[in-house]
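Step one of this worksheet: look at the structure below.
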Amino acid sequence: MHMHADHHAVVYQKMGRVRMMIDADTYIVEAGDTYRHPMGVKHQHEALLDSIRIEIKYYPDGNAIESWNALVGGTHTGE
Numbered sequence: 874m875h876m877h878a879d880h881h882a883v884v885y886q887k888m889g890r891v892r893m894m895i896d897a898d899t900y901i902v903e904a905g906d907t908y909r910h911p912m913g914v915k916h917q918h919e920a921l922l923d924s925i926r927i928e929i930k931y932y933p934d935g936n937a938i939e940s941w942n943a944l945v946g947g948t949h950t951g952e
């Protein structure tokens, strides 16, 4: 399991099925379901079928660009 210290996430499961673990709870998420994992909460997902998820991230400190640059090693400025 892992966590993100810089953002919250809301996820829409468009297709397929996943096992989602959030803290000590486990859920089976299917097409049409929506779930969230708040900032700082341990979580993990495992695809049980081929899946498509749409994830929306919210960065309360406004550091989305810095977070993206750290992930991909880029220098995008957002301009």
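Take 874 as the starting number for the sequence shown in the working numbering and just add one per residue.
Glycine included, each C-beta is placed from N, C-alpha and C at the ideal position.
These numbers come from a predicted model, not from an experiment.
Here Val-883 really is in contact with Thr-907; their C-beta atoms are around 7 Å apart, less than 8 Å. Put simply, of His-881, Met-888, Gly-905 the residue whose alpha carbon is nearest the alpha carbon of Asp-923 is Met-888.
For Asp-898, the uninterrupted beta strand (DSSP E) run begins and ends at 898 to 903, by DSSP.
The continuous beta strand (DSSP E) containing His-881 extends over residues 881 to 888. Classified as exposed, Met-874 has fewer than 16 neighbouring CB atoms from the shown chains inside 10 Å of its CB.
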